[in-house]
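Enquirer:
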Amino acid sequence: MADERNKGLQDEKLRWGGATLADVAERAEVSKSTVSRALSDDPTLNIREETRLRIKAAADALGYRPNSNARGLRLSRSWCLAFVVPELQNPVFGQTIDGAHRAASERGYTMLIAPVDYSPAQSEFARNIVQGSRVDGVLNTLERPDLIASLSALKARMVLVNRQTGAEGEHCVLLDNIAGARLAVRELAALGHRRIAYMPSTSTSWVSRRRREGYYLGMEAVGLSGEAMEMPPCEADLAAAEATAAAVLSQPERPTAIVAWNILLAVGVTRAARRLGVSIPGDLSVISLNDSSAAEMMTPQVSAVRLPLFRLGHAAASLLIDLIEGKPASGEPPILPPEGVILRETTGPIPPAR
Numbered sequence: 101m102a103d104e105r106n107k108g109l110q111d112e113k114l115r116w117g118g119a120t121l122a123d124v125a126e127r128a129e130v131s132k133s134t135v136s137r138a139l140s141d142d143p144t145l146n147i148r149e150e151t152r153l154r155i156k157a158a159a160d161a162l163g164y165r166p167n168s169n170a171r172g173l174r175l176s177r178s179w180c181l182a183f184v185v186p187e188l189q190n191p192v193f194g195q196t197i198d199g200a201h202r203a204a205s206e207r208g209y210t211m212l213i214a215p216v217d218y219s220p221a222q223s224e225f226a227r228n229i230v231q232g233s234r235v236d237g238v239l240n241t242l243e244r245p246d247l248i249a250s251l252s253a254l255k256a257r258m259v260l261v262n263r264q265t266g267a268e269g270e271h272c273v274l275l276d277n278i279a280g281a282r283l284a285v286r287e288l289a290a291l292g293h294r295r296i297a298y299m300p301s302t303s304t305s306w307v308s309r310r311r312r313e314g315y316y317l318g319m320e321a322v323g324l325s326g327e328a329m330e331m332p333p334c335e336a337d338l339a340a341a342e343a344t345a346a347a348v349l350s351q352p353e354r355p356t357a358i359v360a361w362n363i364l365l366a367v368g369v370t371r372a373a374r375r376l377g378v379s380i381p382g383d384l385s386v387i388s389l390n391d392s393s394a395a396e397m398m399t400p401q402v403s404a405v406r407l408p409l410f411r412l413g414h415a416a417a418s419l420l421i422d423l424i425e426g427k428p429a430s431g432e433p434p435i436l437p438p439e440g441v442i443l444r445e446t447t448g449p450i451p452p453a454r
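Residues 101 to 454 in our numbering are what the sequence shown lists, from first letter to last.
1. Check whether the Cβ of D123 lies closer than 8 Å to any heavy atom of the ligand GDP, and answer yes or no.
2. Tell me, which residues are paired with S301 by DSSP?
3. Apply the 10 Å Cβ neighbour rule to N390 and answer buried if 16 or more other Cβ atoms are within range, or exposed otherwise.
4. Is the CB-CB distance between L239 and G413 below 9 Å?
5. Excluding the 5 residues flanking S308 on each side, which residues of the same chain have their C-beta closer than 8 Å to its C-beta?
6. Can you tell me whether P355 is buried or exposed, with buried defined as 16 or more other CB within 10 angstroms of its CB?
7. Provide the residue span of the alpha helix (DSSP H) that contains L251, from first to last.
8. Considering only the alpha carbon of each residue, which of L349, A357, E335 and S379 lies closest to L490?
9. Tell me, to the nearest whole angstrom, how far the beta carbon of I296 is from that of M319; I am working on the premise that it is less than 8 Å.
10. Give me the Cα-Cα distance between P381 and T370, rounded to the nearest whole angstrom.
11. Report the rounded CA-to-CA distance for S178 versus S388, giving the unit in angstroms.
12. Taking contact to mean 3 or more Cβ pairs, one atom from each stretch, closer than 8 Å, check whether the segment 271 to 281 and the segment 338 to 358 are in contact.
13. Comparing alpha-carbon positions, which option in M398, A395, V441 and P433 lies nearest R406?
14. Take F456 as the anchor and find which of A267, L275, T144 and M211 has the nearest alpha-carbon.
15. Alpha carbon to alpha carbon, how far is I213 from L324?
16. May I have a chain-ordered list of the alpha helix (DSSP H) segments no shorter than 4 residues that lie completely inside the segment 338 to 425?
17. Tell me which residue opens and which closes the beta strand (DSSP E) that A182 is part of.
18. From this set, P352, S250, S305 and V386, which residue's C-alpha is nearest G448's C-alpha?
19. Could you tell me the alpha carbon to alpha carbon distance between A267 and L260, rounded to whole angstroms?
20. How far does the alpha helix (DSSP H) with A277 in it reach, from first residue to last?
21. Give the straight-line distance between the Cα atoms of W306 and L121, rounded to the nearest whole angstrom.
Encoded structure:
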């Protein structure tokens with residue numbers, strides 16, 4: 101009876117994720133130290149691959165999770181990453197964070213989200229989380245020289261996410277923003293459009309510069325360099341986007357298609373067009389340079405270049421963890437190509453009369 105009761109208690113413990121190192125060692129028929137070193141990928145551990153796989157299979161079957169506090173004390177690590185973003189509301193960051201979180205979980209790390217804007221009150225926030233040894237590395241989406249310099253001075257492991265400064269020793273993972281803008285232009289040209297305008301944001305970020313470059317390269321590639329038209333830079337604000345688009349669409353020689361810097365600007369264009377009686381896509385086609393679920397919720401649904409945001413986050417977090425664990429990084433930063441253009445309700449052939 102006592103043995104059955106003890107077995108029942110052990111089964112209950114395992115069911116609720118209470119498996120210990122000893123439980124895994126017993127199931128895999130190895131020592132506790134071997135289990136510990138195998139699960140932490142100790143490169144000095146000399147065991148057969150068959151044994152290593154058996155240990156990991158036993159840990160998975162029992163639902164074993166290492167004690168992060170004990171592991172952190174032993175290795176002077178927190179097993180935690182920080183993802184620094186300027187805002188949480190932007191769906192672009194949401195998809196990227198999801199990818200980073202997945203990669204962190206797969207490697208046994210947790211991740212905290214650190215919203216850091218450009219205000220002086222938050223200038224020390226990211227510094228403090230590193231200095232307090234609360235994270236092992238930082239995924240950074242901000243092009244703040246002061247922040248990057250501070251983290252570099254602290255010798256923090258850092259990966260820039262879809263950003264690049266060109267500094268020596270910098271690590272980053274990038275989207276091919278140039279290819280994305282070229283793809284948008286090509287799709288519109290294939291629909292017969294010649295007067296294709298570009299609607300930029302006021303941002304002078306690395307992403308903005310690449311998208312602008314991609315637009316002009318795209319116009320050149322389809323033989324429309326002389327037709328290139330750049331609209332006034334627009335704040336990332338719906339009312340501002342609508343006002344800017346209305347001013348351009350009120351002109352006699354208005355464009356028949358617009359490549360918008362992002363979905364928010366694209367929606368501003370559709371609202372301005374509706375107010376002016378400009379039919380979409382009958383009189384005007386619009387493509388956004390990033391895609392999200394919000395594009396399908398708009399009326400009309402916004403056509404967009406789909407960028408691999410989940411893969412971006414996953415690749416950036418994987419690279420950061422490799423750096424933390426002392427694995428060599430390749431010389432050139434990974435550049436992820438766009439996944440294609442999703443044509444929805446804001447794109448159509450050029451109007452016959454124009």
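A virtual CB, placed ideally from N, CA and C, is assigned to each residue, including glycine. Remember, it's a predicted structure, so these values are computed and weren't measured experimentally.
Expert: Checking against the coordinates, here is how it stands:
1. No copy of the ligand GDP appears in this structure; indeed no ligand is present at all.
2. Start at 1 with the first residue of the sequence shown, and residue 301 comes out as number 201. Beta bridge pairing from DSSP links S301 with C334.
3. Sequence index remark: in the sequence shown, residue 390 carries index 290 (1-based). Buried is the call here.
4. Reading the sequence shown from its first residue, position 139 is the one you call residue 239. Reading the sequence shown from its first residue, position 313 is the one you call residue 413. Less than 9 Å divides the Cβ of L239 from the Cβ of G413.
5. Stepping through the sequence shown from its first residue, residue 308 is reached at position 208. For S308, where only same-chain residues beyond five positions count, the Cβ hits under 8 Å are P300, S301 and W361.
6. Looking up residue 355 in the sequence shown gives position 255. P355 should be labelled buried.
7. In the sequence shown, residue 251 corresponds to position 151, counting from 1. Start and end: P245 to A253.
8. This structure leaves residue 490 out entirely; the chain is present only between 101 and 454.
9. Position 196 of the sequence shown, counting from 1, holds the residue named residue 296. Position 219 of the sequence shown, counting from 1, holds the residue named residue 319. Contact holds; Cβ gap of about 7 Å.
10. Counted from its first residue, the sequence shown places residue 381 at position 281. Counted from its first residue, the sequence shown places residue 370 at position 270. Computed Cα separation, rounded: 10 Å.
11. Taking the first residue of the sequence shown as position 1, residue 178 is located at position 78. Taking the first residue of the sequence shown as position 1, residue 388 is located at position 288. Rounded to whole angstroms, the separation of the alpha carbons of S388 and S178 is 40 Å.
12. Verdict: no, contact absent.
13. Along the sequence shown, read from residue 1 onward, the residue named residue 406 stands at position 306. Considering only M398, A395, V441 and P433, the residue with the shortest C-alpha distance to R406 is V441.
14. Missing from the structure shown is residue 456; the chain here goes from 101 to 454 and no further.
15. On the sequence shown, residue 213 is found 113 positions in, with the first residue counted as 1. On the sequence shown, residue 324 is found 224 positions in, with the first residue counted as 1. Their backbone Cα atoms lie some 43 Å apart in a straight line.
16. Complete alpha helix (DSSP H) runs here, min 4: 338 to 349, 363 to 376, 393 to 397 and 409 to 424.
17. Here residue 182 is taken as the residue at index 82 of the sequence shown, counted from 1. Per DSSP, A182 belongs to the beta strand (DSSP E) from C180 to V185.
18. Translated into the one-based positions of the sequence shown, residue 448 becomes position 348. Of the listed residues, the one whose Cα sits closest to G448 is V386.
19. In the sequence shown, the residue the question calls residue 267 occupies position 167. In the sequence shown, the residue the question calls residue 260 occupies position 160. Whole-angstrom Cα-Cα distance: 11 Å.
20. Stepping through the sequence shown from its first residue, residue 277 is reached at position 177. Here the sequence assigns Asn to residue 277, which means Ala is not the residue at that position. Residues N277 to A290.
21. Within the sequence shown, the letter at position 206 stands for residue 306. Within the sequence shown, the letter at position 21 stands for residue 121. Pairing W306 with L121, the inter-Cα distance amounts to about 47 Å.
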